[in-house]
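Taking the working numbering, the leading residue of the sequence shown gets 1167, the next gets one more, and so forth. Where a beta carbon is used, it is the ideal one built from N, C-alpha and C, also for glycine. Report on the structure given below.
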Amino acid sequence: MSMRLRIASRPSKLALLQATLVKHEILAVAPQLEVVIVAIKTTGDRLTRGPLADAGGKGLFVRELEQALLAGEADIAVHSMKDLPGVTPAQYRIAAVPPRENPSDVIVSRRGGIDSLRQGARVGTASPRRKFELLDTRPDLRIDLLRGNVDTRLGKLAAGEFDAIVLAAAGLKRMGVLSAPPDGLLIEELSEDRFVPAGGQGALAIEALVGSPIADSHEIEALITGLNQKRAHCETSAERSFLATIGASCNSPVGAHGALIGDRLLLRAVLFSLDGRRKIQDTASAPIGDHTDAVKLGIALAKQMLAAGAGDLIRSA
């Protein structure tokens, strides 16, 4: 196999690390393949102020990468799965979901875990879900908007602009921060019982065009699809189908997390109203043969929660 494979990625440090992880997985199987990463700045990367929902929400971190696939400037795109809208446009497909990293949230502070924060502590996050999960646990906290890449957020915390910030464990682990926090900062993993993660959190999605093999090569197509892990694919398929069926948007304070244990998938979800005063939380489980069964489970849980009034909460957001 003497060919070139181009991987589209956002230009952030974390995104490039994730694309490089995929590149190394590919080269481990096909060292003779030339693999290059094409860094592409997205609309989401350009917007550093204000809520993402005000600028269009889901898709802001993937649109330009998908356009590069359509234009023939890249053969695959590597995304953080949680950045993808619940429904993939018809011309694209998720070719593989590599093994998932820890999907949990973590709180980073100078004082310890969430229960150690001072009364009225200022906590930074850009996520409506994290905001209301924090307030559900600690109603006294002051939650303020914090945008930017991981280094920017950690820098603002270290500078004293916040008492704590909430981030995804997966990104910090991939950047080496989880095992070696900056001086003076402490990291606590947040229990999924109290903090249901965002759908797709911790997972990567390898996206390609529909209708032809990747890089017009059946060998490369097989190589990429070989990176898919059943567990990660099933868990994220359930989460995404739940979010799509319930009608969640970037502005929806909603969490969804699937855990495949043996041949059974447990799916947990939480949804808040826009003001955080109402909460609906539920679970569903089923035996799973493949990702199509996982999709059905996500749809079933969404219908359960819609019957319990979730539609009103979604419309409020």
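Of all C-beta pairs linking the stretch 1393-1406 to the stretch 1418-1428, three or more are shorter than 8 Å, placing the two stretches in contact. Per DSSP, reduced to three states, the secondary structure at E1355 is strand.
With contacts defined by Cβ atoms closer than 8 Å, A1261 and I1390 form a contacting pair.
Between R1340 and E1405, the C-beta spacing is not below 8 Å. If one requires a minimum length of 3 residues, the beta strand (DSSP E) runs lying completely within the stretch 1179-1218 are 1200-1205, in chain order.
Taking a cut-off of 8 Å on C-beta distances, the stretch 1317-1325 does not touch the stretch 1238-1252, as fewer than three cross pairs fall below it. Taking C-alpha positions only, A1181 is separated from K1445 by approximately 33 Å. With respect to the 8 Å criterion, I1386 and L1472 are not classified as neighbours on the basis of their beta carbons. In the structure shown, the three-state DSSP call for V1420 is strand. E1232 is the residue among S1451, P1264, V1332, E1232 whose C-alpha sits nearest the C-alpha of Q1257. Using a Cβ distance threshold of 8 Å, L1193 and L1187 do not count as a contacting pair. Annotation: the stretch 1330-1397 contains the following complete segments of the beta strand (DSSP E) (minimum length 3 residues), in chain order: 1330-1334, 1352-1355, 1370-1375.
Closest in alpha carbon position to A1292, among S1275, N1315, Q1470, R1276, is N1315. Cβ-Cβ separation between L1437 and A1450: approximately 14 Å, too far for a contact (criterion under 8 Å). Sorting C1416, S1378, P1197 by C-alpha distance to the C-alpha of G1225 places C1416 at the top. Residue pairing by DSSP puts Q1447 in a beta bridge opposite V1436. For S1415, the secondary structure class from DSSP, reduced to helix, strand or coil, is coil. 8 Å or more divides the Cβ of L1283 from the Cβ of R1308. Taking a C-beta distance under 8 Å as the contact criterion, A1410 and V1253 qualify as a contact pair. Under the three-state reduction of DSSP, G1464 is assigned to helix. Taking C-beta separations shorter than 8 Å and ignoring five residues to either side along the sequence, the partners of L1236 in its chain run Q1257, L1375, following chain order.
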